[in-house]
Amino acid sequence: MIYTPREDSHLLEKEVRKYAKGKKVLDIGSGNGIQAQAALVSGAREILAVDINPEAVKHCKKNGLDAIQSDLFENVEGKFDLIIFNPPYLPGDEREDAESAVATSGGEKGDEIIVRFLENVGEHLEKDGIILIVVSSLTPLDGIDKFVKEKRVVASAKVFMEELEVWEVRQSS
């Protein structure tokens, strides 16, 4: 199953279109490639789409994107000007099937995958690099706040019973 773009995807896509021009872009958790495609049409100079799901990687390649299979940064080399991440951020739910949970569940509390991303993102972000990441009001922030000292909310939307935000996080010197 490839993650189908939803409200979070479209909220992030609008911001990617503003930031991507001329940048070397890494799209982590690319899913169907909506963010990588947005970067492409916005004039990014280089784009790499990454997903843990081999089906998503195949889909991105079929649509002309450079894509690799990787669990977050595991198989990623190099540094990027812009790193995009629409993470699975919902708390785990044992009623959800495993295939679907890969795209939606961020772990037991919902923040574990985001924390893993933040632990390693610095190794792949250029000195003046920017991270665009989606965060939900349903996700606990205590683990995330250890890594993100300064952020700017560049977009937000109320969706059902949650508030979605796109954060701009800059590499600290």
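Per the working numbering, the sequence shown starts with residue 165, numbered consecutively. C-beta atoms are modelled at their ideal positions from N, C-alpha and C, and glycine is treated no differently.
C-beta atoms of Gly193 and Phe237 nearer than 7 Å: no
Given 8 Å, three or more beta-carbon pairs between the segment 283–303 and the segment 207–220: no
According to the neighbour-count rule (16 or more other Cβ atoms, all chains shown, within 10 Å of its Cβ), is Phe281 buried or exposed? buried
If you draw a straight line from the alpha carbon of Ser234 to that of Leu246, how long is it in whole angstroms? 18 Å
So, helix, strand or coil for Gly208, using DSSP? Inspection of the sequence shows that residue 208 is occupied by Ala rather than by Gly. Note: Ala208 maps to coil in three-state DSSP.
So, using beta-carbon positions, are Leu176 and Val298 closer together than 7 Å? yes
Whole-angstrom C-beta distance between Leu296 and Val240, which should lie under 8 Å: Not quite, the Cβ-Cβ distance comes to about 17 Å (not below 8 Å), so this is no contact.
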